[in-house]
Amino acid sequence: AQSVAQPEDQVNVAEGNPLTVKCTYSVSGNPYLFWYVQYPNRGLQFLLKYITGDNLVKGSYGFEAEFNKSQTSFHLKKPSALVSDSALYFCAVTPSGYALNFGKGTSLLVTP
Amino acid sequence: DTGVSQDPRHKITKRGQNVTFRCDPISEHNRLYWYRQTLGQGPEFLTYFQNEAQLEKSRLLSDRFSAERPKGSFSTLEIQRTEQGDSAMYLCASSAPGAGSPLHFGNGTRLTVT
Chain A
462 AQSVAQPEDQ VNVAEGNPLT VKCTYSVSGN PYLFWYVQYP NRGLQFLLKY
512 ITGDNLVKGS YGFEAEFNKS QTSFHLKKPS ALVSDSALYF CAVTPSGYAL
562 NFGKGTSLLV TP
Chain B
20 DTGVSQDPRH KITKRGQNVT FRCDPISEHN RLYWYRQTLG QGPEFLTYFQ
70 NEAQLEKSRL LSDRFSAERP KGSFSTLEIQ RTEQGDSAMY LCASSAPGAG
120 SPLHFGNGTR LTVT
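Protein chains in written order, with this note's numbering: chain A, 462 to 573; chain B, 20 to 133.
Shown next as C-alpha cells:
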C-alpha cells in the first residue's frame with residue numbers, strides 16, 4: 462500500500478521569510494515523488510519531482526524539495542516566500558512512476 | 020501545447036440520472052488519468068489508460084462508474100444512476116511516455132447532484 466501524509470492543514474508565513482511545507486510518504490520500493498500547486502479556480506500545476514539522484518530537486522517558481530530516504534520525507538521549501546505563492550499544495554507519490562497517490566493538501570498563506 | 024481539455028466545466032443533474040464527461044489529453048501524451056476531488060481533500064485516483072488500454076482501476080470505484088478511451092485519444096467517464104455522494108470535481112490528466120513523467124491536469128468538470 463502507498464500513502465502520503467501532509468501533517469499541516471495550513472502554513473502561514475510572512476512575505477520574504479523561508480517556507481516549508483511538509484510531506485511524508487509510505488511506499489514499497491523506490492518512490493517517485495511529486496509536488497503540485499493548485500490556485501483558486503485553476504487546475505493542478507506540476508512544481509517538481511524526485512525520481513533518483515541528487516536529494517535536493519529544484520522546480521518552478523523558485524521552489525525546491527529535499528528527499529530524505531531515512532525519514533521518508535519530501536518537504537517543499539522556498540528561501541523567500543511571495544504573497545503570490547499563497548495556494549493549495551499537494552504532495553504525491555507513486556511506486557510505479559504512473560498513477561499518483563495524493564496527500565490531502567496544505568494551504569499556504571503568505572502575508573505581506 | 021494546448022493543454023488538457025475537459026467538457027463540460029459544470030454539470031448539474033438530478034439523482035438517478037446518468038452523466039458523461041469528456042477529456043481531451045495533450046496530443047502526444049499516451050497516458051490518461053481520471054481523478055475525483057472533493058472540498059478539502061486531495062485528488063483521489065479513479066482509473067488510467069495507456070493508449071486505449073485501461074491499465075488500472077481503483078478498488079474504491081463503484082460499478083456505476085465506467086471510463087473508455089476507444090481510440091487512444093480522448094476519453095469519456097460515465098456515471099450511471101448518480102447519487103448525491105458523487106458530487107465532486109472530476110479531474111482528467113495526461114502524461115508523456117516514460118515512468119515519472121509529470122501529469123498535466125485539466126481544469127476539471129464540477130458535478131453537482133441534486
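For glycine and all other residues, C-beta sits at the position ideal for the given N, C-alpha and C.
For the pair the region 75-87 of chain B and the region 117-131 of chain B, tell me if three or more CB-CB distances fall below 8 Å.
Too few Cβ pairs lie closer than 8 Å, so no.
Just the chain B side, please: which residues come within less than 9 Å of A:K565 by C-beta, in chain order?
Residue 565 of chain A sits at position 104 when you count from the first residue of the first sequence. Below the 9 Å Cβ cutoff, chain B contributes G59, Q60 and G61 as neighbours of A:K565, in chain order.
Output, in sequence order along the chain, the residues in the region 116-129 of chain B whose CB is closer than 9 Å to any CB in chain A.
Per Cβ criterion, the list reads G117, A118, G119, S120, P121, L122, H123, F124, G125, N126 and G127.
Ignore the nearest five residues each way along the sequence and tell me which others in A:K510's own chain have a CB closer than 6 Å to its CB.
What you label residue 510 of chain A is simply residue 49 of the first sequence in a count that begins at 1. Excluding the 5 residues flanking it on each side, A:K510 has same chain C-beta neighbours closer than 6 Å at F495, in chain order.
Where B:Y67 meets chain A, residues with beta-carbon distance less than 9 Å
By one-based count along the second sequence, residue 67 of chain B stands at place 48. Contact of B:Y67 with chain A by beta-carbon distance below 9 Å involves Y559 and A560.
For my contact list, B:F68 and B:S94 are in at a C-beta cut-off of 8 Å; report their separation, rounded to the angstrom.
Translated into the one-based positions of the second sequence, residue 68 of chain B becomes position 49. Translated into the one-based positions of the second sequence, residue 94 of chain B becomes position 75. Confirmed, Cβ separation roughly 6 Å.
Do we get a CB-CB distance below 8 Å when we pair A:K483 with the residues of chain B?
What you label residue 483 of chain A is simply residue 22 of the first sequence in a count that begins at 1. No, because no Cβ of chain B sits closer than 8 Å to the Cβ of A:K483.
For A:K539, count neighbouring C-beta atoms within 10 Å of its own C-beta (all shown protein chains included) and say buried if the count is 16 or more, exposed if not.
Numbered from 1 along the first sequence, position 78 holds the residue referred to as residue 539 of chain A. Label assigned to A:K539: buried.
Measuring only the C-alpha atoms, how far is B:P27 from B:F40?
Within the second sequence, the letter at position 8 stands for residue 27 of chain B. Within the second sequence, the letter at position 21 stands for residue 40 of chain B. Between B:P27 and B:F40, the C-alpha separation is close to 7 Å.
Out of A:I512, A:A560, A:S568 and A:A548, point me to the one whose CA is closest to B:S77's CA.
As a working note, residue 77 of chain B is residue 58 in the second sequence. Looking at the Cα atoms, A:A560 is the closest of the given residues.
Give a yes or no on whether 8 Å exceeds the smallest Cβ distance from B:R28 to chain A.
Working through the second sequence from its first residue, we reach residue 28 of chain B at position 9. No, because no Cβ of chain A sits closer than 8 Å to the Cβ of B:R28.
For B:I45, the first and last residue of its enclosing beta strand (DSSP E)
Numbered from 1 along the second sequence, position 26 holds the residue referred to as residue 45 of chain B. No beta strand (DSSP E) holds B:I45; DSSP gives it neither H nor E.
Three-pair Cβ contact test at 8 Å for the region 40-53 of chain B versus the region 526-542 of chain A:
When Cβ pairs closer than 8 Å are counted between the two stretches, the region 40-53 of chain B is seen not to touch the region 526-542 of chain A, the count staying below three.
Presumed contact (8 Å Cβ cut-off) between B:E71 and B:R88, rounded CB distance
Numbered from its first residue, the second sequence carries residue 71 of chain B at position 52. Numbered from its first residue, the second sequence carries residue 88 of chain B at position 69. So it is a contact: roughly 5 Å between Cβ atoms.
Closer than 8 Å to chain A by CB, B:Y109:
Translated into positions along the second sequence, residue 109 of chain B becomes position 90. No, B:Y109 lies away from the interface with chain A (no Cβ there is under 8 Å from its Cβ).
Where B:V23 sits in the DSSP three-state scheme
By 1-based counting over the second sequence, the position of residue 23 of chain B is 4. Three-state result, B:V23: coil.
Between the region 77-93 of chain B and chain A, which residues of the former have a C-beta closer than 7 Å to a C-beta of the latter?
Hits within the stretch: zero.
Helix, strand or coil for B:Q73 per DSSP?
If you number the second sequence from 1, residue 73 of chain B lands on position 54. DSSP places B:Q73 in the strand class (E or B) of the three-state scheme.
Around the C-beta of B:T133, are 16 or more other C-beta atoms found within 10 angstroms, so that it is buried, or is it exposed?
For the purposes of this step, residue 133 of chain B is taken as residue 114 along the second sequence, with counting starting at 1. Under this definition B:T133 is an exposed residue.
Please decide whether B:E97 counts as near chain A, where near means a Cβ-Cβ distance under 8 Å.
The residue given as residue 97 of chain B occupies position 78 in the second sequence. In terms of beta-carbon proximity, B:E97 stays away from the interface with chain A, with every pair separated by 8 Å or more.
Can you have a look at A:L570 and say buried or exposed, based on whether 16 or more other CB atoms are within 10 angstroms of its CB?
Here the question's residue 570 of chain A lines up with position 109 in the first sequence. Counting C-beta atoms within 10 angstroms of its own C-beta, A:L570 has fewer than 16 neighbours from the protein chains shown and is therefore classed as exposed.
Ignore the nearest five residues each way along the sequence and tell me which others in A:I512's own chain have a CB closer than 7 Å to its CB.
Position 51 of the first sequence, counting from 1, holds the residue named residue 512 of chain A. When the five nearest sequence neighbours on each side are left out, the beta carbons in the same chain lying within less than 7 Å of the beta carbon of A:I512 are those of Y493, in order along the chain.
Which same chain residues end up closer than 6 Å to B:L96 when comparing Cβ atoms and leaving out the 5 residues on each side of it in sequence?
For the purposes of this step, residue 96 of chain B is taken as residue 77 along the second sequence, with counting starting at 1. Closer than 6 Å at Cβ, skipping near neighbours: F40, W53 and A86.
A:C484 and A:V465: beta carbons closer than 8 Å?
Position 23 of the first sequence, counted from the first residue, corresponds to residue 484 of chain A. Position 4 of the first sequence, counted from the first residue, corresponds to residue 465 of chain A. Yes, these two residues count as a Cβ contact at 8 Å.
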